[in-house]
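Participant: This is the structure, below, for whatever I ask next.
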Amino acid sequence: MNELIQKAKSLLESDTVQVVIGYGKGSADKTRAIFLTKPEDCDQLLFDSRCVQNLAVYLTKHEIKHLGKPAIVAPIPVLRSILQLAVENQLKESDLVILGVSPESKLIEFDSFGAIELFLNAYKIQIDEKYKATIDKIKAMPVSERFAFWIKELEPCFKCYACRAACPLCYCPKCTVENNQPQWIPAASHLLGNLEWHVMRAMHLAGRCTDCEACYNACPMGIPIHLLTKSMLQDVEEHFGPYGPSVGKRNTLSSFNPDDKESFIR
Amino acid sequence: MQIDNYLIRQTSLEKLFNNLIGNGKTVFAPQASEKRILFEKVKAFSEITDNYLVTTNAAKSVVFPRTEKLFSYKKTKETTEITDASTEAVPEVVLWGTRPCDAAAFIPLTDTFNGDYPDILYNNRRGKVYLLSFSCATCDEYCFCTSVNGSPGNTAGSDILFTKLSTGDYLAEVITEKGKKLVAENQTLFEAAPEEEKEPNLAKVKTYFNQDEIQAKLQNLFENPVWDEKSRACLGCGSCAFVCPVCSCFDIQDEKHGSKGTRLRCWDSCGFSLFTLHTSGHNPRETQGARWRQRILHKFLYMPDKSKVAGCVGCGRCSRVCPADINILETVTSI
Numbered sequence: 023m024n025e026l027i028q029k030a031k032s033l034l035e036s037d038t039v040q041v042v043i044g045y046g047k048g049s050a051d052k053t054r055a056i057f058l059t060k061p062e063d064c065d066q067l068l069f070d071s072r073c074v075q076n077l078a079v080y081l082t083k084h085e086i087k088h089l090g091k092p093a094i095v096a097p098i099p100v101l102r103s104i105l106q107l108a109v110e111n112q113l114k115e116s117d118l119v120i121l122g123v124s125p126e127s128k129l130i131e132f133d134s135f136g137a138i139e140l141f142l143n144a145y146k147i148q149i150d151e152k153y154k155a156t157i158d159k160i161k162a163m164p165v166s167e168r169f170a171f172w173i174k175e176l177e178p179c180f181k182c183y184a185c186r187a188a189c190p191l192c193y194c195p196k197c198t199v200e201n202n203q204p205q206w207i208p209a210a211s212h213l214l215g216n217l218e219w220h221v222m223r224a225m226h227l228a229g230r231c232t233d234c235e236a237c238y239n240a241c242p243m244g245i246p247i248h249l250l251t252k253s254m255l256q257d258v259e260e261h262f263g264p265y266g267p268s269v270g271k272r273n274t275l276s277s278f279n280p281d282d283k284e285s286f287i288r
Numbered sequence: 259m260q261i262d263n264y265l266i267r268q269t270s271l272e273k274l275f276n277n278l279i280g281n282g283k284t285v286f287a288p289q290a291s292e293k294r295i296l297f298e299k300v301k302a303f304s305e306i307t308d309n310y311l312v313t314t315n316a317a318k319s320v321v322f323p324r325t326e327k328l329f330s331y332k333k334t335k336e337t338t339e340i341t342d343a344s345t346e347a348v349p350e351v352v353l354w355g356t357r358p359c360d361a362a363a364f365i366p367l368t369d370t371f372n373g374d375y376p377d378i379l380y381n382n383r384r385g386k387v388y389l390l391s392f393s394c395a396t397c398d399e400y401c402f403c404t405s406v407n408g409s410p411g412n413t414a415g416s417d418i419l420f421t422k423l424s425t426g427d428y429l430a431e432v433i434t435e436k437g438k439k440l441v442a443e444n445q446t447l448f449e450a451a452p453e454e455e456k457e458p459n460l461a462k463v464k465t466y467f468n469q470d471e472i473q474a475k476l477q478n479l480f481e482n483p484v485w486d487e488k489s490r491a492c493l494g495c496g497s498c499a500f501v502c503p504v505c506s507c508f509d510i511q512d513e514k515h516g517s518k519g520t521r522l523r524c525w526d527s528c529g530f531s532l533f534t535l536h537t538s539g540h541n542p543r544e545t546q547g548a549r550w551r552q553r554i555l556h557k558f559l560y561m562p563d564k565s566k567v568a569g570c571v572g573c574g575r576c577s578r579v580c581p582a583d584i585n586i587l588e589t590v591t592s593i
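Chains as they are written, first to last, in the working numbering: chain X, 23 to 288; chain V, 259 to 593.
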């Protein structure tokens, strides 16, 4: 921890970065994202198992970009998101300083996106066994039962869009749901509106989602929407091989390969 | 109005509930599931939980549904036929298990829907709602009702307020005509007032600020770094507004299917980037800081200026659900 604080201080002192995005004390027993601009404030930084918010979401927010070049405290889920953002041309190496945090809570510095990828090779995205069992159970349901399951789960959704707001990969300045001429997705949070929103959200993350669970953690209603993205990760793996963001490679569903095993594409 | 005090036995509460259901009333009460406690439509007393501080969602959806039909239309070659939704009958609803903050929230909410003109849809629903609240015996660090003129045993807004006594029985304070009507219908369940005092059975909620002082300070605080500082982590979602029992912003949406359609009003939030976006593309509230300022000023300055009641009841829901841990109490006390 001390290492991280010293590094953050020196980055601000030397004006290498203008803001350090990290975790600090929150309300009650929570931690929260903090944005440090003065070296003397860096002692507020902390890191422990409560720090689950994906800070990569802030890298594309205009209010945060406005503060200057950032250094970001990045445990594994944040590193994955940074790499995915890089794959999607949303970040350049010169845009930020990455203060990686290993699972042993050690500071790891990365001088390139390639170095992150190399490091992450040892931490491939893996769906938890407990989720696999739940997904298998849902997939085994007859269609009508599965439909009823999702209708019931999605019913409490009042479309606060916290799932979208917390997702580092939902960075579009204008989301499909905000397009009202024509209105693609009903704005209302009735049955159809909720269903279309969640299906659309999940589909837009297919082959991109890095399984950080920020959407689920953000949902005030505790709706298990992460099951949709997890299930798609499994589908991607089944059809295209294990998925993980990779520099120089395009997203699974937006790349074309003449050697594709499916014949229809040729 | 004179408040009538009674005693109601623990065992009689269930009878009261059953009578309400038996009389054809729709009852919404706190129901617990793994990750949330929501006001839900309940049929049996056993479905209700009494182990909750406040529910995750607010009770406002009973009078101000998240999606509400205003009218529907049907076009033919000659005419357009319009069916006004405000003429549709609404059921009698009992909100069982609201907290004093929840009940108090109906006061500013009703003010808002009766500002420039009375909102018929809202008033129809509100007129049919009975508020049977339960005092708070516990609170947490997010509660601040006592800073906004409320209290864990506040009767304002409720029809009947129940306070659990040391014996396990309840003090029933009957506050309104509606409450008196319910008592008259269930007379055998209400006994002579208990001698035990109410106060020792209530939570001790710390008072952090004085609403009038905050209101005075906010007059000159439009340009201040506090708004950006306190909202820096804001992700721009609407969870704070949607769990708030007072927030009432809405958006009008038309849904058409060929020659038929409906006009809906849907909850909106000042946290969204589309909020108050002009047709020209200009947005007077361009950043989350400006939107957070709007939220605070609306609640603690504009609403008390206009209708004498603050737009916040100190329930703390917004702070509890915020995915970025932005805390309304922290912002207000830092002013």
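Virtual Cβ for every residue (Gly too), placed ideally from N, Cα, C.
These numbers come from a predicted model, not from an experiment.
State yes or no: is the beta carbon of Trp525/V nearer than 8 Å to at least one beta carbon in chain X?
Facilitator: yes
Participant: Kindly indicate which three-state DSSP category Ser124/X falls into: helix, strand or coil?
Facilitator: coil
Participant: To the nearest angstrom, how far is the alpha carbon of Val321/V from that of Gln260/V?
Facilitator: 26 Å
Participant: Output, in sequence order along the chain, the residues in the segment 50–61 of chain X whose CB is closer than 7 Å to any CB in chain V.
Facilitator: Ala50, Lys52, Arg54, Ala55, Phe57
Participant: Give me the residue from Cys576/V, Glu339/V, Ile584/V, Gly569/V with the minimum Cα distance to Gln469/V.
Facilitator: Gly569/V
Participant: If you measure between the beta carbons of Ala449/V and Tyr264/V, is that distance less than 8 Å?
Facilitator: In the sequence on display, residue 449/V carries Glu and not Ala. Result yes, Cβ atoms of Glu449/V and Tyr264/V sit closer than 8 Å.
Participant: What does a CB cutoff of less than 6 Å around Tyr400/V pick up in its chain, not counting 5 residues either side in sequence?
Facilitator: Gly574, Ser577, Arg578
Participant: Chain V partners of Pro208/X, CB-CB under 8 Å?
Facilitator: Gln511, Glu513
Participant: Compare the beta carbon distance of Cys528/V and Cys502/V with 8 Å and say whether it is the shorter of the two.
Facilitator: no
Participant: Taking only three categories from DSSP, how would you classify Asp360/V?
Facilitator: Annotated three-state conformation of Asp360/V is helix, per DSSP.
Participant: Measure from the alpha carbon of Leu89/X to the alpha carbon of each residue in Val42/X, Lys52/X, Ser253/X, then state which is nearest.
Facilitator: Val42/X
Participant: Counting only Cβ pairs nearer than 9 Å, list the residues of chain V close to Ala93/X.
Facilitator: Residues of chain V passing the Cβ test: none, with the nearest at roughly 16 Å.
Participant: For Ser489/V, which three-state DSSP category applies?
Facilitator: Ser489/V sits in a helix when the DSSP states are folded into three classes.
Participant: Using a Cβ-Cβ cutoff of 7 Å, what residues of the segment 161–192 of chain X are near chain V? List them in chain order.
Facilitator: Pro178, Phe180, Cys182, Tyr183, Ala184, Ala187, Ala188
Participant: So, Val95/X versus Val119/X, is the Cβ gap smaller than 8 Å?
Facilitator: no
Participant: Would you say Thr356/V and Leu311/V are within 8 Å of each other, going by their C-beta atoms?
Facilitator: no
Participant: Can you list, in chain order, the stretches of the alpha helix (DSSP H) that have 4 or more residues and sit fully within the segment 269–356 of chain V?
Facilitator: Counting only runs of 4 or more, we get nothing.
Participant: Comparing alpha-carbon positions, which option in Lys564/V, Asn585/V, Thr589/V lies nearest Asp374/V?
Facilitator: When only C-alpha atoms are compared, the closest one is Lys564/V.
Participant: Considering only the alpha carbon of each residue, which of Ile86/X, Ile98/X, Val79/X lies closest to Ser71/X?
Facilitator: Ile98/X
Participant: Restricting to Cα atoms, I'd like to know which of Thr370/V, Phe275/V, Leu353/V, Ser497/V is closest to Val504/V.
Facilitator: Thr370/V
Participant: In this structure, does DSSP put Tyr45/X in helix, strand or coil?
Facilitator: Note: Tyr45/X maps to strand in three-state DSSP.
Participant: Three-state secondary structure (DSSP) at Arg72/X?
Facilitator: coil
Participant: Taking only beta-carbon positions, decide if Val39/X is within less than 8 Å of chain V.
Facilitator: no
Participant: Beta carbons nearer than 8 Å to chain X: which residues of the segment 393–406 of chain V have them?
Facilitator: Those would be Asp398, Glu399, Tyr400, in chain order.
Participant: Mind checking the segment 74–89 of chain X against chain V and listing, in chain order, the residues whose C-beta falls within less than 9 Å of any C-beta there?
Facilitator: Gln75, Val79, Tyr80, Lys83, His84, Glu85, Ile86, His88, Leu89
Participant: I think Thr325/V touches Ser211/X, with their Cβ atoms under 8 Å apart; what is that distance to the nearest whole Å?
Facilitator: 6 Å
Participant: Using the rule of at least 16 other Cβ atoms within 10 Å of the residue's Cβ for burial, across every protein chain shown, is Met23/X buried or exposed?
Facilitator: exposed
Participant: What residues of chain X sit near Thr325/V, judged by a beta carbon separation below 8 Å?
Facilitator: Against chain X, a Cβ distance below 8 Å from Thr325/V picks out Ala210, Ser211, His212, Gly215.
Participant: Should Ile510/V be labelled buried (16 or more other beta-carbon atoms within 10 Å of its own) or exposed?
Facilitator: exposed
Participant: For a cutoff of 8 Å on Cβ pairs, would you count Met222/X as touching chain V?
Facilitator: no
Participant: If I follow the unbroken alpha helix (DSSP H) through Phe171/X, where does it start and stop?
Facilitator: 165–176
Participant: If you pair each beta-carbon of the segment 260–277 of chain X with each one of the segment 109–116 of chain X, do three or more pairs fall below 8 Å?
Facilitator: yes
Participant: Mind reading off the beta-carbon distance from Gly48/X to Lys293/V? Whole number of angstroms is fine, and I expect it under 8 Å.
Facilitator: That pair is no contact at about 19 Å.
Participant: Identify the contact partners of Gly496/V in chain X, using a Cβ-Cβ distance below 7 Å as the criterion.
Facilitator: Taking a Cβ-Cβ cut-off of 7 Å, the neighbours of Gly496/V in chain X comprise Cys182, Tyr183, given in sequence order.
Participant: Is there at least one Cβ from chain V nearer than 8 Å to Pro264/X's Cβ?
Facilitator: no
Participant: Let's see if you can read the secondary structure: which residues bound the alpha helix (DSSP H) around Glu260/X?
Facilitator: 248–262
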